[in-house]
Amino acid sequence: MPTSLPMVLIVLDGWGHSGKRDGNAIAASAPRFLERLGRDYPSSLLAASGEAVGLPAGFIGNSEVGHLCLGAGRVVLQDMARISRAIDRGEFERNEVLRRACEQAARPGSALHLMGLLSDGGVHSHIRHLEALVTLAHRLGVRHLFVHPFLDGRDTPPRSAGAYLAAAETFLRRQGLGAIATVCGRYYAMDRDTRWERTEKAYRAMVLREGPRSASSEAALAASYAQGVTDEFVAPTVVDAAPADRPARDPAVRDSDVVIFFNFRADRARQITRAFTEKGFDGFRLPARPALASYVCFTAYDRGWSLPVAFAPRTLAGTFGEAVSASGLRQLRIAETEKYAHVTYFFNGGEERVFPGEERCLVPSPRVATYDLKPEMSAPEVTAEVLRRLRERPDQVVILNYANADMVGHTGKFDPTVEACRVIDRSVEAVVTETLRQGGYAVVTADHGNAEEMVDPLTASPVTAHTLNPVPVHVVGAGLEGKGLRQGGLLADVAPTMLGLLGLEAPEEMEGRSLLQG
């Protein structure tokens, strides 16, 4: 039995490193304890964006890819890069699932509905993938095509949707196919915290054509901006074109239609997919459910579902969780709702299965409209539960996530994000102190940046997106004071580092290297 237990990995979601102080909520919070860790224990910076996490160069990291690389101990080619490569190589147009869906939609009376996040942020989707779908549909003879764009404003600037809508409209006109049928902020269509009242509004707009109405997508956006509502929060709106511009077929999602959801990230795609497809669905009272010819998921949103998947999942063997389980050690995964999937599904390499000896604890996130209203979120409850379990069972590995810097940072509200960072500092201090008291090790790091860049230096406007910045890593434990870590590391190096501290061999599939020197 290793003597280095407990071993605790603390992931500070959205906690990047920047030497600039202006607009830096982390620096403004003066995180006393975390700064002390940086002085007293082995510390370094890890690349957490672009090719370092399996994304194209220059693309911001995100929670999904960050936790995937942390848990897999290797750089994993991400779905965005994988799908884009398929387009470049001509494989996309030969994709059997997508071709079958388009052929079904080309039948008389049917229509193809393309729904997803209209963005080039690369976190949940990419507009290039939508364009490839429209091109494929045109080639395969689809006559009725409707786009239901979800507006971003989190992984892109808060008032940037106009450019994406204009680009989509231009592309549709150039192809001579399709129209935008609804517009909807991601706040509604991409909720992941069972706030079904949000999902219902998006569903009713697409299926029943209910909700505010507008003559165009641009007019819908302008009306929202006039009310101070930015992209993410645009209410589900029905686009009612002028009679001369109306499509030949009703744009509602109807019987015999085909839906392709072009988001490649799973966690925010599940709820609305359940509303369209789940037998016995009870999230809200379904006023109608079309008998679709097909509902295609771009990637596997849930491996327990039997829905068609355009880009099937790859199996990642030899993950950190699997290695810990194989050694006979216990492990605990704990986070609040917003990041629970990340410390479980994503950290386990995109696998839903629970390893032997793995225990999971979900702490409910607070039910507030936006997290600037409660910047502490559920960090105090997560901390209390971790402390309780450490005292009851110190002989275990703990993987935990603090969501605050990311989720409050996404609101663009600087002062609440500063308070969120202070809460994190206090929470980390409590967990690390208990870990050291029990003679264990703690690794404190992050999955991507966010809270360290909250104000655009050129426009002074809020920045709500993730960043390209590296993230800190601190390795804390008795006997490590004053030692150093290898520089130039990646998130993929964290798992081999922890396994080494546990006295375990890294699986051969892991390509990361221990950060510890000497």
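Be aware that the sequence shown starts at 50, since it is given in the numbering used here, and climbs by one per residue.
Heads up, the beta-carbon is just placed ideally off N, CA and C, and yes, glycines get one too.
All figures in this text were calculated on a predicted structure; none of them were measured in a lab.
Counted within 10 angstroms of its Cβ, other Cβ atoms place residue i as buried (16 or more) or exposed
i    : result
Q445 : buried
L331 : In the sequence as presented, Leu is not what sits at residue 331; that position holds Asp. Label assigned to D331: exposed.
D71  : exposed
D89  : exposed
S355 : exposed
G353 : exposed
D304 : exposed
M50  : Legend: pLDDT at M50 = 46, less than 50; position of this residue unreliable, value from coordinates given subsequently. When all chains shown are included, M50 counts as exposed.
S510 : exposed
L194 : buried
L58  : buried
A361 : exposed
E140 : exposed
Q153 : buried
Q276 : exposed
V480 : buried
K462 : buried
V302 : buried
Candidates the options: closest to residue i by CA position
i    : options                   : result
G377 : L553, V412, R262 and A238 : L553
E401 : T364, T546, T419 and Y420 : T364
T482 : P521, A500 and L439       : L439
R156 : A479, S174, D306 and G533 : D306
L341 : G158, S263 and A359       : G158
C410 : L436, A349, V417 and E425 : L436
M426 : T432, P415, E434 and T419 : P415
D351 : S343, P429, V525 and R319 : R319
Presumed contact (8 Å Cβ cut-off) between residue i and residue j, rounded CB distance
i    : j    : result
L61  : V493 : 7 Å
G87  : A454 : Incorrect: roughly 16 Å between the Cβ atoms, too far for contact.
T326 : A74  : That belief does not hold up - the Cβ atoms of T326 and A74 are roughly 40 Å apart, past 8 Å.
G260 : P556 : So it is not a contact: roughly 50 Å between Cβ atoms.
R47  : L166 : Residue 47 cannot be examined here, being either before or after the span of the chain that is shown, 50 to 567.
A186 : C151 : 5 Å
A130 : G103 : 6 Å
G110 : H497 : 4 Å
Close Cβ partners of residue i (< 6 Å) along its chain, the five nearest in sequence each way excluded
i    : result
A96  : P519 and L539
F333 : W245 and E249
K69  : none
A76  : R70
R535 : L564 and Q566
V522 : S93, L95 and T494
D285 : The sequence given here places Pro at residue 285; Asp does not occur at that position. Once the five neighbours on either side are set aside, the close Cβ partners of P285 are C233, Y237, K250, A251, A254 and G260.
I229 : V196, S266 and V288
R203 : E281, H459 and T513
L642 : Limits of the chain in this structure are 50 at one end and 567 at the other, which puts residue 642 out of reach.
Residues near residue i in its chain [Cβ-Cβ closer than 7 Å; skip 5 each side]
i    : result
Y252 : I321 and A324
A216 : I176
V146 : V345, P357, V358 and A359
A106 : G99 and E100
S174 : G165, L166, S168, F311, N312 and F313
T432 : S476, A479 and V480
G370 : G120, Q380, F396, N397, F404 and E407
Cβ shell of residue i (< 8 Å), same chain only, five flanking positions each side left out
i    : result
G406 : V373, S374, G377, L378, R379 and Q380
Please give me, in chain order, every unbroken run of the alpha helix (DSSP H) with length at least 4 that falls completely inside the segment 221 to 294.
With a minimum length of 4 residues, the continuous alpha helix (DSSP H) runs that stay inside the segment 221 to 294 are 235 to 238, 245 to 257 and 266 to 275.
In chain order, what are the residue ranges of uninterrupted alpha helix (DSSP H) at least 4 long that sit wholly in the segment 338 to 392?
Entirely contained in the segment 338 to 392, the alpha helix (DSSP H) runs reaching 4 residues are, in chain order, 369 to 375 and 386 to 390.
What alpha helix (DSSP H) runs, 4 residues minimum, are completely inside the segment 417 to 451?
Whole alpha helix (DSSP H) segments, 4+ residues: 428 to 441.
For a minimum of 3 consecutive residues, which ranges assigned as the beta strand (DSSP E) are wholly contained in the segment 120 to 165?
DSSP assignment within the segment 120 to 165 yields no whole beta strand (DSSP E) run of 3 residues or more.
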